[in-house]
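Undergrad: First the structure, which I've put down as structure tokens, then a few questions once you've had a look.
Numbering (my numbering), first residue to last: 2 to 77.
Listed below in structure tokens is the structure:
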């Protein structure tokens, strides 16, 4: 419901390989699970915008980040 929550979702998708992979497979389900797990509220308009994020753009952004900021895929 706030810009901060949207930023947290984008940040998690960019820095967490696990969430990025889930988002690539099923965007809506991954977004719903992520916001529920992290107790983040987004408006319907924000949700639609987040669902339109191209996975390739997230991959490019993640690739540009310092590896120390990345969370590599781990078994959960």
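Ideal Cβ placement from N, Cα and C applies to all residues, glycine included.
Distance, Cα to Cα, residue 71 vs residue 48?
TA: Using only the alpha carbons, I get a separation of about 24 angstroms.
Undergrad: Out of 52, 57 and 39, which one is the CA nearest neighbour of residue 141?
TA: Here the chain covers residues 2 to 77 and nothing more, so residue 141 does not appear.
Undergrad: Give the straight-line distance between the Cα atoms of residue 26 and residue 20, rounded to the nearest whole angstrom.
TA: Those two C-alpha atoms are separated by around 10 angstroms.
Undergrad: What would DSSP say about residue 67, mapped onto helix, strand or coil?
TA: Correct three-state label for residue 67: coil.
Undergrad: Verify whether the separation of the beta carbon atoms of residue 23 and residue 35 is less than 9 angstroms.
TA: Cβ distance < 9 angstroms, so residue 23 and residue 35 count as in contact.
Undergrad: Whose C-beta lies closer than 6 angstroms to the C-beta of residue 77 among residues of the same chain, with five residues either side of it excluded?
TA: Because the pLDDT at residue 77 is just 47, under 50, the model does not fix this residue reliably, and the point stays unresolved.
Undergrad: When you compare only the Cα positions, how much space is there between residue 8 and residue 14?
TA: Distance between the alpha carbons of residue 8 and residue 14 is about 10 angstroms.
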